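Asks: Have a look at this one before I ask anything.
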Amino acid sequence: MFPIRDHNPSQCRPIVTYVLIAANVVMYLLTLPMLDGGEMLWARLALYPLAISNGEMLWGLLTHMFLHAGFMHIAGNMLFLWIFGDNLEDQMGRVGFLAFYLACGLAAAAGQIAADPFSPVPMVGASGAIAGVMGGYLLLFPKARIDILFIFIIFFKIFTVPAWIMLILWFAIQLFGGFASVGSEGGVAYWAHAGGFVAGLVLTLPLFLRRGGPAFWNRTHGKPPHADAVYAPSRIPRVRR
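Going left to right, the sequence shown walks through residues 161 to 401 as the working numbering numbers them.
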């Protein structure tokens, strides 16, 4: 089950969102293992909690946000950034959104380091920063409509749900995964996701209050302050054997 689009069209061209997606794709291609020096560059730019705790390789706090561990990793992250990033950029402006994105990525790194400060396992991925974007989206547009693709074995179906259901469920999964992974090595950086999400909520709060706080929700009923995007009905079939 994962989101494929929202019904919240951006009002301006989201240049920063496009640039971030392009930067991630370029870095993914430059660090492919089959590329000469790619694997070494990936290892050099990853974030190592143990190194950061020792005051070493501090650039990893920033560079890890643009590295990924495989095609599905980057594809999933860029899909989430594509869905949620444009609307935050609309609200924050281009410079503000870029600063917000990077700050959420740093907060995500801090969350993972705090959970296991002496881990030698490298951490990579934009998901912590994107989690912050999702946290900000939850605060500003809790009732925006999100299309979710549900796959169960050979059954495919698209459901439309309010953003708050999808985002809170996602956050709960990260918390559960974080507690369940205590003592394990490698795997998903759940605490980075949770830390980025909370940072996104906190950093969006001043903007939310400037918009009127709860009065902003009352004016828009928690939905985007413009007409929803309209999509053609899904033609995804139900496959039977």
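Note that CB positions come from ideal geometry on N, CA and C, so glycine has one too. Small disclaimer: the values here were computed from a predicted structure and weren't measured.
Given a cut-off of 7 Å, decide if alanine 206 and proline 282 are closer than it, judged by their beta-carbon atoms.
Replies: Closer than 7 Å, so yes.
Asks: Going by other Cβ atoms of all chains shown within 10 Å of its Cβ, with 16 needed for buried, is arginine 401 buried or exposed?
Replies: Reliability fails at arginine 401, whose pLDDT of 38 lies under 50, so the model's placement of it is uncertain and the value that follows must be treated cautiously. Exposed: under 16 other Cβ atoms inside 10 Å.
Asks: Which residues in the same chain as asparagine 214 place their Cβ atom closer than 8 Å to its Cβ, once the five residues preceding and following it in sequence are excluded?
Replies: No residues qualify anywhere along the chain.
Asks: Quick one: what does DSSP say proline 163 is sitting in, helix, strand or coil?
Replies: Three-state DSSP puts proline 163 in a strand.
Asks: Express the C-alpha separation of isoleucine 243 and isoleucine 396 in angstroms, rounding to a whole number.
Replies: For isoleucine 396, the predicted model reports a pLDDT of 49, less than 50, meaning its position is unreliable and no value from the coordinates is stated.
Asks: Should the segment 353-367 be regarded as contacting the segment 266-283, the criterion being three or more beta carbon pairs within less than 8 Å?
Replies: Judged by Cβ distances under 8 Å, the segment 353-367 makes contact with the segment 266-283, as three or more pairs qualify.
Asks: Closest to threonine 177 by C-alpha separation, out of Phe162, Ala259, Arg305 and Phe231, would be which residue?
Replies: The residue with the shortest Cα to Cα distance from threonine 177 is Ala259.
Asks: Can you list, in chain order, the residues of its chain whose CB lies under 6 Å from that of tyrosine 261, leaving out five sequence neighbours each side?
Replies: Counting only Cβ-Cβ distances below 6 Å, and skipping sequence neighbours, we find Ala289.
Asks: Quick one: Cα of histidine 228 to Cα of arginine 379, how far?
Replies: Distance between the alpha carbons of histidine 228 and arginine 379: 40 Å.
Asks: Isoleucine 234 lies in the alpha helix (DSSP H); which residues open and close that run?
Replies: That run of the alpha helix (DSSP H) goes 231-252.
Asks: Please give the ranges of any alpha helix (DSSP H) in the segment 275-311, keeping only runs that are unbroken, at least 4 residues long and fully inside the region.
Replies: Complete alpha helix (DSSP H) runs here, min 4: 287-300.
Asks: Can you give the beta carbon distance from proline 193 to serine 279, rounded, assuming they're within the 8 Å contact cut?
Replies: Actually they are not in contact, since the Cβ atoms of proline 193 and serine 279 sit about 22 Å apart, beyond 8 Å.
Asks: Kindly indicate which three-state DSSP category valine 342 falls into: helix, strand or coil?
Replies: Valine 342: coil per DSSP, three-state reduction.
Asks: Note down the Cα distance separating valine 399 from proline 163, rounded to an integer number of angstroms.
Replies: With a pLDDT of only 40 at valine 399, under 50, the local geometry of the prediction cannot be trusted, and no value is derived from it.
Asks: Three-state secondary structure (DSSP) at threonine 320?
Replies: Threonine 320: strand per DSSP, three-state reduction.
Asks: Taking all protein chains shown into account, do 16 or more other C-beta atoms lie within 10 angstroms of the C-beta of aspartate 130, making it buried, or fewer, making it exposed?
Replies: Since the displayed the chain opens at 161 and closes at 401, residue 130 lies outside it and no answer follows.
Asks: What residue range is occupied by the uninterrupted alpha helix (DSSP H) comprising glycine 215?
Replies: Where glycine 215 is concerned, there is no enclosing alpha helix (DSSP H), given that its DSSP letter is neither H nor E.
Asks: Assuming phenylalanine 301 contacts phenylalanine 310 under a Cβ cut-off of 8 Å, what Cβ separation, rounded to an integer in Å, is found between them?
Replies: Contact flag wrong, Cβ pair sits at about 22 Å.
Asks: Which residue from Ala323, Asp307, Pro384 and Pro322 puts its Cα closest to that of phenylalanine 316?
Replies: Nearest option by C-alpha distance: Asp307.
Asks: Reducing DSSP to helix, strand and coil, say where leucine 207 ends up.
Replies: Leucine 207: strand per DSSP, three-state reduction.
Asks: Contact check, glutamine 334 vs phenylalanine 357 under 8 Å by CB: the rounded distance?
Replies: Yes, they are in contact, since the Cβ atoms of glutamine 334 and phenylalanine 357 sit about 7 Å apart, within 8 Å.
Asks: To which residues does DSSP link phenylalanine 315 through a beta bridge?
Replies: DSSP, once it has assigned bridges, lists Phe312 as partnering phenylalanine 315.
Asks: Counting only the same chain and skipping the five closest in sequence on each side, list residues whose C-beta sits under 6 Å from that of phenylalanine 240.
Replies: Answer for phenylalanine 240: Ile290, listed in chain order.
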